[in-house]
Amino acid sequence: GQQLNQSPQSMFIQEGEDVSMNCTSSSIFNTWLWYKQDPGEGPVLLIALYKAGELTSNGRLTAQFGITRKDSFLNISASIPSDVGIYFCATHGNSGGSNYKLTFGKGTLLTVNP
Amino acid sequence: NAGVMQNPRHLVRRRGQEARLRCSPMKGHSHVYWYRQLPEEGLKFMVYLQKENIIDESGMPKERFSAEFPKEGPSILRIQQVVRGDSAAYFCASSPRGSYNEQFFGPGTRLTVL
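Chains Z and S, in that order, give the protein sequences.
Okay, so the first sequence: first residue is 353 according to our numbering, each after it adds one.
Okay, so the second sequence: first residue is 10 according to our numbering, each after it adds one.
Structure representation (structure tokens):
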């Protein structure tokens with residue numbers, strides 16, 4: 353099945369620092385999604401990417417859809433304590449008729465020290 | 010404009026009992042998806058339903074698990090004769106008719122099997 357390799361597994365940073373995390377796969381995808389999950393809550397969609405090479409921002413967050421369509425990265429600039437949480441990359445299934453299935457990476461746990 | 014609602018938020022069951030998890034999609038959404046999250050893992054697709062139809066249950070164990078989305082009322086994920094390995098967070102997501110690109114997640118039900 354499709355597998356997304358997300359790294360790093362965890363990050364511990366100081367408030368104000370920039371953060372970068374990425375997701376890679378051996379398969380080609382048509383979408384890349386980035387979600388954030390706060391403790392005890394469900395994932396919240398941060399950014400959706402639909403085109404190879406696309407660079408999209410949402411406030412202090414920037415994400416890019418890799419040219420090869422096999423990877424994506426998420427950057428967070430000037431981190432603040434409320435950025436704490438688990439960040440997941442996700443993609444839609446590629447096989448015909450099953451693009452509704454989201455496949456998730458294992459997540460990057462971000463801790464921000466005030 | 011309420012989001013996806015799930016209840017209960019926490020459920021404790023003894024081995025052999027039944028667990029019933031409920032999900033009310035966002036207003037106007039007719040597609041429901043169930044995902045399971047094991048500790049320190051990403052979410053894994055279980056089943057995709059539309060009103061009164063199971064579209065894809067390929068991610069759901071064949072034994073003991075069932076799902077429905079009736080014409081009226083919430084979607085139900087039912088787990089019969091629970092075992093310890095069923096302990097996980099179960100998330101429901103919904104999307105509007107004709108669009109699965111952006112699935113909005115509920116807060117999840119955390120099932121603990123003693």
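From the three backbone atoms N, C-alpha and C, an ideal C-beta is built for every residue, glycine too.
Roughly how many whole angstroms lie between the Cα atoms of residue i and residue j?
i	j	result
Phe417 of chain Z	Glu406 of chain Z	5 Å
Ile88 of chain S	Met69 of chain S	10 Å
Gly25 of chain S	Val122 of chain S	9 Å
Tyr387 of chain Z	Met55 of chain S	19 Å
Pro17 of chain S	Asn382 of chain Z	35 Å
Trp384 of chain Z	Ser424 of chain Z	7 Å
Val13 of chain S	Pro466 of chain Z	32 Å
Ala404 of chain Z	Arg31 of chain S	38 Å
Val436 of chain Z	Arg412 of chain Z	14 Å
Leu110 of chain S	Gly51 of chain S	In the sequence as presented, Leu is not what sits at residue 110 of chain S; that position holds Asn. Going by the C-alpha atoms only, they are around 18 Å apart.
Lys422 of chain Z	Asp370 of chain Z	24 Å
Gln366 of chain Z	Val464 of chain Z	6 Å
Lys453 of chain Z	Glu81 of chain S	25 Å
Ala76 of chain S	Ile63 of chain S	8 Å
Ser378 of chain Z	Gln355 of chain Z	8 Å
Tyr44 of chain S	Gly368 of chain Z	34 Å
Pro34 of chain S	Gln112 of chain S	10 Å
Ala28 of chain S	Arg93 of chain S	12 Å
Ser104 of chain S	His38 of chain S	5 Å
Gln361 of chain Z	Gly457 of chain Z	10 Å
Thr455 of chain Z	Gly445 of chain Z	7 Å
Glu72 of chain S	Ala430 of chain Z	48 Å
Asn451 of chain Z	Asn374 of chain Z	22 Å
Ser84 of chain S	Lys36 of chain S	13 Å
Leu312 of chain Z	Gln90 of chain S	Coverage of chain Z is limited to positions 353 through 466, which leaves residue 312 of chain Z absent and any answer about it impossible.
Are the Cβ atoms of residue i and residue j separated by less than 9 Å?
i	j	result
Leu120 of chain S	Ala102 of chain S	no
Lys53 of chain S	Gln46 of chain S	yes
Phe428 of chain Z	Leu461 of chain Z	Note that residue 428 of chain Z is Ile in the sequence shown, not Phe. No, these two residues do not count as a Cβ contact at 9 Å.
Ala415 of chain Z	Ile432 of chain Z	no
Ser372 of chain Z	Leu426 of chain Z	yes
Phe74 of chain S	Gly394 of chain Z	no
His40 of chain S	Arg106 of chain S	yes
Glu61 of chain S	Pro79 of chain S	yes
Glu49 of chain S	Gly459 of chain Z	yes
DSSP three-state label for residue i, please.
i	result
Gly457 of chain Z	coil
Asp370 of chain Z	coil
Arg87 of chain S	strand
Arg93 of chain S	helix
Ser67 of chain S	coil
Phe78 of chain S	coil
Gln358 of chain Z	strand
Pro105 of chain S	strand
Leu120 of chain S	strand
Asn110 of chain S	coil
Self-check item: Ranges of the beta strand (DSSP E) found wholly within the region 10-58 of chain S, counting only runs of at least 3
Solution: Runs found: 14-16, 19-22, 28-33, 38-46.
Quiz item: Listed in chain order, which residues of the region 391-422 of chain Z have Cβ atoms closer than 9 Å to some Cβ of chain S?
Solution: Gly392, Glu393, Gly394, Pro395, Val396, Leu397, Ala400, Tyr402
Self-check item: Selection of the region 42-66 of chain S by Cβ proximity to chain Z, strictly under 9 Å
Solution: Tyr42, Tyr44, Gln46, Glu49, Glu50, Gly51, Leu52, Lys53, Phe54, Tyr57, Ile64, Asp65
Quiz prompt | Ranges of the beta strand (DSSP E) found wholly within the region 375-452 of chain Z, counting only runs of at least 3 | solution = 384-389, 395-401, 407-410, 413-417, 423-428, 437-444
Quiz prompt | Proximal residues, the region 82-112 of chain S versus chain Z, C-beta separation under 9 Å | solution = Hits within the stretch, in order: Ala98, Phe100, Cys101, Ala102, Ser104, Tyr109, Asn110, Glu111, Gln112.
Quiz prompt | Near-chain S residues of the region 361-383 of chain Z (beta-carbon distance less than 8 Å), N- to C-terminal order | solution = Thr383
Self-check item: Contacting positions in the region 449-463 of chain Z - beta carbon closer than 8 Å to chain S
Solution: Closer than 8 Å at the C-beta level to chain S, one finds these residues of the region 449-463 of chain Z: Ser450, Asn451, Tyr452, Lys453, Leu454, Thr455, Phe456, Gly457, Lys458, Gly459.
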